[in-house]
Structures are given as C-alpha cells and as structure tokens.
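Single-structure report; data block below.
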C-alpha cells in the first residue's frame, strides 16, 4: 500500500518592492530585486527563520536554516506530537522522519524538489544567469480582482514550478509546485521589514486535498548569521537507539499469513495484544482508529491521508508507542493513526501496519515460501546466501529500484502492501501508448487502499527487470487513476507482493539493497488474474459484488453490482474466508462452473459463473 507524506511544509524567504515590472521575465525579476532592498542583501550569508505553525488540528513550530549563497538548507518542525526534518547540502537530500530515522533521498522527485528549494533560498532568480534556470513568462493572470505576473521556472537539476508576483507591489504572492502526485500552492502575504529586506510574515500551504487541510506559518523571528560549513546541512548521524532484539543471536522469526497477497503477522502494542498487522514497505507504523481506541491511545491532528484511491481520509498522530514482534522490541515511537483499509475489503479487520520505521532499523527477510518474517540486527547480517543484490534509493519512505518494463526504462517502488504483481502509473502508460500495444486486457478494479478502489487496464506483460533480476510473463496493471499515487509522473510503477511472492525477499535499508532469491519450482497463484470478472467485498450477509468487468464471466451470467453472494456451491458464504474465495476465482481452472446463491433486495436466485481467462 503506497502512502504519501502526511505533512507538507513550506519555508521560504521572499522579498518584493515597489517598481512596476513589465514584459519579459528578466524585467519582472530585476525589478523585484531592486525594490526589495538590493544593497541590503549583498552582505548576508545565511538566515535562520522561525514560524509558528497552525493547521490540520495541530500547532507547533517550524524552523529553516539556509545559506544565502548556495541555498543549502535544513528545515525542521515540531508540530503536535510529531517532529521531523529534511535538508540538502548541495549534494544529498535527506529526511528525518517522525521516528527520528535519517535516510538519504534521491528517488522520485525528491532531489529535484530539494534543488528547487535551494534555488529559491539562494535567491538565484536575481543572480546573473539566474543560476542556470529556464524561465519563461506565463503572462498576466487575474484572480479575485488582483493581477499577477506569472513565471514558469525550472532550476538546473530541478523541476518546473510557477512563481506569481503581485503586479502592483511585485511581492512574491504564491508558488505553485508539483510534488509527487499533488500540486502544492503556497501563498505569501503580510510582508514585514527585517534588517533592510522584506520577509513574508505569513505563509499558507494548500496541497489540494481541501481547504480544511491548509497549513499556516506565521513568522516569529528572522536572523541573518555568518555562513556555516556545508557539513551543517549534511545528513545528521543516526543510530537506532530505540530498537533491539532480545536474544543472543540478533535475529527473530515469526510466522505470517498471506491473505489477499498481503503479509500479516502478530504484533503486541504497549504490552497488549497480539494484534493482526500488515507488513508494508509502502507504509508506516500505523494503528487503526479502533485499535488506538482499544489501547486508550490519544492521537492529535486531522491531516490528509492519501494513497492509490481518489479520496482523502483524516489522519492523526500519537507518541510513546511500543511494539513487539517476536523478540523484536521497538519503543517510544511517534506513529500515525489512520483508517488505511476498510474491513469489508479484506474480509477482516486490519488492526495496524508495520512499515518503514521497523524496516529502517532491522534487516527484514520475507520468505514467501516458508511464510516467515525474520528480523536481523544489521550488525549481524551476512548477505552471502540472501540472493541477488538489487540496489535501491529512497522515495520518501519507499525503496525504489531502477529497471525496465518490456525494455522501457523506469524506476519502480517496492511495495509489499500492494496485492498486485505490477502496477504501472498512468503517466507512464499514457506516455508509451501501452494500452494500444497490449490489446488483450480488461478494465477492472484490481486493488483497494487509502482513498478507495484502484481501477486499471489489466493485461499481460512479457518482461520486467529489477536491477539485474529478470521476471517474465507477469500480470501488469495499467493504472487509469487520474488522482492518487498512481498519477505520480516521478516514478513508473509499483511492484507488489503478487510478484514478490516468487522470492525470498531481504531488505537491508541501511545499505539500500534488496536481495531476491527465487523460490524453487512453480509458485502457486502467480501469473494469474481473476477469472470471474468481478470484485467482491465482505458484507454482513456474505460477499457484495462491488464491481463487474464489462463482458466478463460474472456479468455474462447476469450478476449485478450491489447484489450479495450468500452461498458458493452450496456452502454458506459465512463459512468461506474472503481471501480463499478470491484465490479460488483467480486460480480456478478455466471452464470450471461456480454456482453462486445471490440475494437482491430479499429475492434469492442461483447464478452459474463459468471461469475463464480474461487476459
């Protein structure tokens, strides 16, 4: 399950003036510099800017320290029960997440966004040559009675963003910047003087999820200070002091269930449980709201939670949470409280998630053949028998590898929380005309996560490479989502447990390497797609038909969405786990007839569905 960052912060030093800029980009930017106190900027080397934060049901502070020549920066925050930071030293972007773990960031658009921020912090729009940026005028735009000179700016090594300057005052009024699959708009206002220059006293950030999620930063102080060495902006040293394995071997193994192509194992929380948690490289350490309530965990905030679906869910945060998995102990964690899955989707209540925070601290092995999870102290890990090494980088919390799909290069997230084999993003699919080149396929709901259902054109792919590893003959989902994670143009695809279960998979986050060791012989329930032509969810009376594939077996048999399956081949629906029925409808031999007893508004009938390959 691919989750996005839950806090979006913007820190920017901005200036403006009184001269009217006309015409081309140079005149707009030069006038802005001249009117902002040009001479006053000359001797300034670095800045420390602090803000009071309010938004998403929380308050706190935000601080930015940056070099006015290079743009190197460190942004940090303490908001509600959460703390974190990100930075850039001119070479490496990095993140300190809510749990305190530090990771380099070069996947997706993370480095481009760091370059953009550094370019703005160094005021390179005023420099000779504009720091190598490509700048074009988008003309004058009018909004709410105000007029703006709008520029499109692409810093060298960065990505395009818009800068809107008030056409009367020439102060920077907003920036509009694509970040992942979201567009972040930051509004600047309430300018005030500071040591001869003007600083935006108020910044409001809108990530497009709704005005209720807007975040406001109000300037509390600004200091111009002497230049710091580049090391001041480098990733801080980090060692996991909050986690250990309570045995002499430095490793612990626990069994897991593979249900709906998801990995579930037992986890104790704050000494209680155990609870059934999904283990997800695409997610974080999370409690669902019912689990948090059962544990009397008090959370704070109402941040937007987004994922593969179109919708947004409220997310809150808590601190002081302890986890235990076998002999693995992780203490004092800041975690997320999030309804990341609806109970009917899996057929049981998921009680929480183990994600990045645990994977970052331990070498983690998922043996899909033996159905075991093994956690290893990184200092005790020997990779000699782990399999083929596949290097990866971090895209926020996600491991991301270079590879190809049918010879087309791309970068692919490794997401154990996805039930699919391979999901390709809509921008990648559209750019390469993949639907037209794969005429045998169906449009179907093929997944469900934060934000709801995921709709794809599902077909067969001939080959996927992940680093040096080649996987042939796989099920490929070409996303049709115009919103959510699969609309992100900064990566090309998502590899899920449907494909990873062909391997023993070992993750060494500290060295940014994934090891793949192929399981012997044919692996059951791989390289197949649903043969019934319907998506079903659990309901109080049985299994609800949520979606039907046009022209598919279920639709051809007369089933309709909203109907409820109450029995399968005479067996009561309540006696059949949803994951077992889904696998049966996927793995059943073509030509097999499945007799379903169906209820529609109190009227019962029997429907015979003949399974067949759809792709």
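Numbering (my numbering), first residue to last: 13 to 627. In this text, a Cβ means the ideal position worked out from N, Cα and C, and glycines have one as well. Please read all numbers here as calculations on a predicted model, not as lab measurements.
- Message: DSSP has residue 636 in a bridge; who is on the other side?
- Response: Examination of residue 636 is not possible in this model, given that the chain is present from 13 through 627 alone.
- Message: Check for me: the alpha helix (DSSP H) holding residue 570 runs from which residue to which?
- Response: No alpha helix (DSSP H) holds residue 570; DSSP gives it neither H nor E.
- Classify residue 174 as helix, strand or coil using the three-state DSSP reduction. Looking at residue 174 - three-state DSSP - the assignment turns out to be strand.
- Message: According to DSSP, is residue 506 part of a helix, a strand, or is it coil?
- Response: Assigned with DSSP and collapsed to three states, residue 506 falls in strand.
- Task: Measure the C-alpha to C-alpha separation of residue 470 and residue 542 and round it to an integer number of angstroms.
- Result: 10 Å
- Are residue 463 and residue 496 touching if we call contact CB-CB under 8 Å? yes
- Item | Helix, strand or coil at residue 387 according to DSSP, with G and I counted as helix | strand
- Query: Whole-angstrom Cβ separation of residue 436 and residue 368, contact assumed at under 8 Å?
  - Reply: Contact flag wrong, Cβ pair sits at about 23 Å.
- Please list, in chain order, all residues of the same chain as residue 19 whose beta carbon is under 6 Å from its beta carbon, the five residues on each side excluded. Its pLDDT being 47, under 50, residue 19 is placed unreliably by the model, and the measurement read from it follows with that caveat. A distance below 6 Å between beta-carbons, with the five flanking residues on each side excluded, links residue 19 to no residue of its chain.
- Spatial neighbours of residue 377 in its chain, beta-carbon cut-off 6 Å, leaving aside the 5 residues before and after: 386, 518
- Message: Beta-carbon within less than 6 Å of residue 433's beta-carbon, same chain only, minus the 5 sequence neighbours each way: which residues are those?
- Response: 486, 487, 510, 511
- Query: Touching or not, the stretch 306-318 and the stretch 386-395, by the rule of three or more beta carbon pairs under 8 Å?
  - Reply: Contact annotation: the stretch 306-318 does not touch the stretch 386-395, with fewer than three C-beta pairs closer than 8 Å.
- Message: With three or more C-beta pairs closer than 8 Å as the rule, is the stretch 394-402 touching the stretch 437-451?
- Response: no
- Ignore the nearest five residues each way along the sequence and tell me which others in residue 375's own chain have a CB closer than 6 Å to its CB. For residue 375, where only same-chain residues beyond five positions count, the Cβ hits under 6 Å are 388, 390, 393, 520.
- Task: Could you pull the start and end residues of the beta strand (DSSP E) that residue 273 belongs to?
- Result: It is not in any beta strand (DSSP E) - residue 273 carries neither H nor E in the DSSP assignment.
- Query: Which residue from 552, 58, 455, 605 puts its Cα closest to that of residue 245?
  - Reply: Out of 552, 58, 455, 605, the CA that lies nearest to the CA of residue 245 is found in 58.
- Output the residue ranges of the beta strand (DSSP E) runs that lie fully inside the stretch 275-327 and measure 3 residues or longer, sorted by chain position. 284-291, 312-317
- Query: Does the count of Cβ pairs from the stretch 352-359 and the stretch 580-599 closer than 8 Å reach three?
  - Reply: yes
- Message: Per DSSP, what are the beta-bridge partners of residue 39 in this structure?
- Response: For residue 39, which the question treats as bridged, DSSP gives no partner whatsoever.
- To which residues of the same chain is residue 159 closer than 6 Å at the C-beta, ignoring the five residues directly before and after it? 152, 179
- Give the straight-line distance between the Cα atoms of residue 112 and residue 427, rounded to the nearest whole angstrom. 22 Å
- Query: Can you give, in chain order, each stretch of the alpha helix (DSSP H) that sits fully within the stretch 38-116 and has at least 4 residues?
  - Reply: 50-53
- Item | Three-pair Cβ contact test at 8 Å for the stretch 52-67 versus the stretch 162-172 | no
- Pick from 214, 203, 219, 99 that is closest to residue 189, judged by C-alpha positions: Nearest C-alpha to residue 189: 219.
- Task: Assign residue 490 to one of three DSSP states: helix, strand, or coil.
- Result: strand
- Item | Buried or exposed (CB count within 10 angstroms, at least 16 for buried), residue 191 | buried
- Can you tell me the Cα-Cα spacing of residue 71 and residue 292, whole angstroms? 30 Å
- From this set, 466, 484, 465, 467, which residue's C-alpha is nearest residue 474's C-alpha? Minimum Cα distance to residue 474 is reached at 484.
- Determine contact between the stretch 90-109 and the stretch 45-62, defined as no fewer than three beta-carbon pairs at a distance below 8 Å. no
- Message: Taking the straight line between their C-alpha atoms, what separation do you get for residue 33 and residue 319?
- Response: Low confidence applies here, because residue 33 scores a pLDDT of 42, under 50, leaving its location unreliable and the question unanswered by this model.
- Consult DSSP for residue 33 and reduce its assignment to one of helix, strand or coil. Note that residue 33 scores 42 on pLDDT, short of 50, meaning its location in the model is unreliable; the coordinates nonetheless yield the value given after this. If DSSP states are grouped into helix, strand and coil, residue 33 belongs with coil.
- Task: With DSSP as the reference, label residue 128 as helix, strand or coil.
- Result: helix
- Alpha carbon to alpha carbon, how far is residue 529 from residue 411? Give it in angstroms, no decimals. 18 Å
- Query: Any idea what DSSP makes of residue 232, helix, strand or coil?
  - Reply: If DSSP states are grouped into helix, strand and coil, residue 232 belongs with the strands.
- Message: Taking the beta carbon of residue 363 as the centre, do at least 16 other beta carbons fall within 10 Å, making it buried, or is it exposed?
- Response: Per the 10 Å Cβ criterion, buried.
- Item | Reference residue 255; option with closest CA among 345, 242, 280 | 345
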